[in-house]
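Position 28 (the sequence shown) corresponds to 28 in our numbering; numbering is contiguous. Report on the following structure.
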Amino acid sequence: MAEEIEEAAMSASDPEAQSPSPLKMRDLLASCAAADAVSTPPRAPEPEPVAVSAPEPRRSAA
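What follows is the structure in structure tokens.
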């Protein structure tokens with residue numbers, strides 16, 4: 001039993017046992033884009049422009 005604990009402790013401190021697998025740049029960028037997409041709230045709809053009518057030209061009283 002003590003030997004099993006020692007082996008587990010040794011394998012936990014072994015850097016080769018814990019090295020992460022290589023990550024492709026494409027996968028890294030895709031995960032960043034996905035995280036950005038789910039963490040950014042949707043934009044508020046832009047207000048519709050209000051049509052401003054030009055004032056009617058005044059007629060001169062002749």
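Here a beta-carbon is modelled for each residue, glycine too, at the ideal position from N, C-alpha and C.
Is residue i close to chain D, meaning its C-beta is less than 8 Å from at least one C-beta of that chain?
i, result
"Ala37", "Among the chains of the structure shown, chain D does not appear; only one protein chain is present."
Could you check what DSSP says for residue i in three-state terms: helix, strand or coil?
i, result
"Val52", "coil"
Grab the span of the alpha helix (DSSP H) containing residue i for me, first residue to last.
i, result
"Leu28", "25-39"
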